[in-house]
Amino acid sequence: MNTQTKNAARDDRMISDTGRFKAVSTIVLALFTVMALLPILLIVIASFTDETTLLRDGYSFVPKLVSADAYVYMLQQGATILRAYGISVLVTLVGTVVSVLITTMIAYPMSRKNFRYRNVLSFFVFFTMLFNGGVVPSYMMWSQIFHIKNTIWALIIPNYLCGAFNIFLVRNYYANSIPDALIESAQIDGASELTIFFKIIFPLAVPTVATISLFTALTYWNDWVNALYYIQKPQYYGIQNLLIRIMNNIQYLKSGAASVAVGTGAVSLPSNAVRMAMAVIGILPIVMIYPFVQKYFVKGVVVGAVKG
Amino acid sequence: MSAPKKKVRVKYAKSGPLLLIAAPGIVYLLINNYIPMLGIFLAFKRFSYKKGIFGSAWSGLDNFRFLFQSKDAVLMTRNTLLYNLAFIVLGTIFAIAIAIMLNALGDSIRTKFFQSALLLPNLMSWVVIAYMVYAFLNADSGFVNNTIIRLLGGREIAWYMEKGYWPFILVFVFLWKNAGYQSIIYLASIAGIDKSIYEAASLDGASRWQQIGRITLPLLKPTVIILTLMAVGRIFFSDFGLFYQVPMNSGALYETTQTIDTYVYRGLMELNDVGMSAAAGLFQSVLGFIVVVTANALVRRFDGENVLF
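This is the structure:
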């Protein structure tokens, strides 16, 4: 009897203890979540704020006057923005497709236990994680030997096309998830290595391909460093570098036609709002696809970190 | 009377076709990664664009002598190390705290929402993050000067001109972008802990805090050590975007925002001092190599399973 009540009391205490911990966790996490989202919210609200309100009150979460002028202006002066958007989309698509192809291909022999140069190849890839020549030799090579400056290739080829991290991610997936017997039986059926790779291995690797595609696409969409080094002609700017440019000089957005129209009642440039509107459309694709791809993202981080 | 040695003979596959499949990747890594390794000789040249990579005159150790005589070398190395130290310590603390709290909430829509929101900043480019910081800190139209300081009273601050604030700003921005992302790995480790341990402890009357202190944290130790060693392996490298883009490349802030990576960029692209830049880059590469090899050896000793690769 006595022990029973004692047990019940202890259970109560445990439950309230757990409950309290959950409540505290919820509150703290909610606070962190607000902090994570506020800056994003601020640029969205700022982009919808009336320009004179911005000039008077600064960027604010509760603007006195709301306006879509920034977006209207961007639609009117759309050529520059559209072009930059197009470049970003193109670079992201081409870069991701080529990168995934090269990465999944080099990872395949590394996963084959009966490949004679397996360890040599693995070390060849691994060593790139230990040592690098640095920015200066790399810059000199691309610009002085390959003459890549001010070409679209400068946005795609240097740095991101094939990296050790993704290679090992894919190699481990092959090694753990694709049974040797499958490859052997295909060989007995007379399939060549190329056929085996493209007809059997690659289709089976879809989950890991999804993950590295996501990582790679994100890298290309968010990259501005390659253009910082290799692009001086603004016509090759993607959205990120256009953002850098208009932070320094918002006038750059004005297309030729508009500058002629100055003084004829053309819309004046709501520069503070437009800046933020540009940032908003820069993150728009990411925010839109995020709910659908988050799963692969999380999976990739876990697999990449734990199993290397 | 020893048993006959078993000959383990691996029947190798034909190498040709497999090498062919690997070829594009091999060629890319040779060009993108290995040729620049050979290019480190640029640090020993007085580079001029007119004479080119091979035509420029050798200068021995001059570049290094000039670099280490300037106060830049000490400053950028100090900044790089101290920032990384702060990132490792605070990043780990926040990541673990977030992971423990997410885990406590169990599998619910609430958990999913929190995790999604906390991960979102990691997907933003440094350029966009710099815009967000600008929306808060810009002297004329920033939220902090216009709203917070106006409410609390006090003088407006020209944030992009005052270097003293930036160590705090940069650490905050780093945590904002990375804490949620880093918590993913810890959350996975916690999820891997045997539930029956907690049940037993709970039966013995251990409180939630005791369970964290006596079970969760000790069992996370291997993960913490490995991730920390991996971060230490990159302690001479900094995130270029954080230190270049977020302070808007403001010269007044160099003393607290200059890292080896921003120095190398500025030397190469802005000051046209290729030799010094190459010397700083080589300095970073060599130190980085030593540190990462040491860290990897430690991980291997600590836990053979989790060696980098």
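Read top to bottom, the protein sequences are chains D and F.
At position 280 of the first sequence (counting the first as 1) the number is 280 in the numbering used here, and the numbers step up by one without a gap.
For the numbering used here, count along the second sequence from 1 and bump the result up by 308.
Don't be surprised by glycine CBs; every beta carbon is placed ideally from N, CA and C.
Proximal chain D residues relative to residue i, where beta-carbon distance stays under 8 Å
i      : result
S585/F : V135, V136
I329/F : M105, I106, Y108, P109, E193, L194, F197
P325/F : S192, E193, L194
Test: residue i CB closer than 8 Å to a CB of chain D
i      : result
F422/F : yes
K529/F : no
N580/F : no
F551/F : no
Y320/F : yes
W484/F : yes
F548/F : yes
V435/F : yes
A466/F : no
R574/F : no
V600/F : yes
M440/F : yes
L561/F : no
P555/F : no
Neighbouring residues, chain F, relative to residue i (Cβ below 7 Å)
i      : result
L218/D : L431
S25/D  : M409, A412, L413
K22/D  : A412, L413
M140/D : G347, L350, I361
A70/D  : What A70/D touches in chain F: nothing, since even the nearest Cβ is about 13 Å away.
Residue i burial status per 10 Å Cβ neighbour count (16 or more: buried)
i      : result
G414/F : exposed
E51/D  : buried
W224/D : buried
F421/F : exposed
K628/F : Any property of residue 628/F remains undetermined from this structure, which presents chain F solely from 309 to 617.
A257/D : In this prediction, A257/D scores a pLDDT of 41, lower than 50, which makes its location untrustworthy; the coordinate-derived value is nonetheless stated afterwards. That one is exposed.
F556/F : Checking the sequence shown, residue 556/F turns out to be Met, not Phe. The residue is buried, with at least 16 neighbouring Cβ atoms inside 10 Å.
Y252/D : exposed
G507/F : Note that residue 507/F is Glu in the sequence shown, not Gly. So E507/F ends up on the exposed side.
Q423/F : buried
Q77/D  : buried
P526/F : exposed
Residue i versus residue j: straight-line alpha-carbon distance, rounded
i      : j      : result
M74/D  : I81/D  : 8 Å
Y494/F : V481/F : 21 Å
I43/D  : T419/F : 26 Å
L284/D : A227/D : 21 Å
P179/D : M110/D : 15 Å
F372/F : M584/F : 7 Å
N249/D : L243/D : 10 Å
Q144/D : Q232/D : 15 Å
L38/D  : V28/D  : 15 Å
A351/F : D569/F : 15 Å
I404/F : A514/F : 21 Å
N454/F : Y59/D  : 8 Å
T96/D  : S213/D : 6 Å
G300/D : T211/D : 6 Å
A560/F : G472/F : 10 Å
Within chain F, partners of residue i - CB distance below 8 Å
i      : result
S60/D  : F451, N454, T455
P158/D : N340
CB contact check: residue i to chain F, cutoff 8 Å
i      : result
R83/D  : no
V209/D : no
F115/D : yes
T80/D  : no
V91/D  : no
G282/D : yes
R112/D : yes
T53/D  : no
I148/D : no
N166/D : no
D57/D  : yes
Y229/D : yes
A261/D : Here A261/D scores only 41 on pLDDT, less than 50, and its place in the model is too uncertain to base an answer on.
M276/D : yes
Span of the alpha helix (DSSP H), counted from its first residue to its last, around residue i
i      : result
A496/F : 474 to 499
I246/D : 239 to 248
P332/F : 323 to 337
M129/D : 118 to 130
P270/D : Element bounds for P270/D: n/a, residue is neither H nor E.
T564/F : 562 to 565
Residue-chain proximity (residue i, chain B), Cβ-Cβ < 8 Å
i      : result
M288/D : Within the model displayed, chain B is absent; protein chains D and F are what it includes.
Neighbour list for residue i in chain F, Cβ cutoff strictly below 9 Å
i      : result
G95/D  : Neighbours of G95/D on chain F: none; closest Cβ ~12 Å, over 9 Å.
I200/D : Simply none; closest approach about 13 Å.
Proximity test, residue i beta-carbon vs the ligand NAD heavy atom, cut-off 7 Å
i      : result
I465/F : The ligand NAD is absent from the structure shown, which contains no ligand whatsoever.
Cross-chain neighbours of residue i in chain D, by beta carbon under 7 Å
i      : result
S515/F : D17
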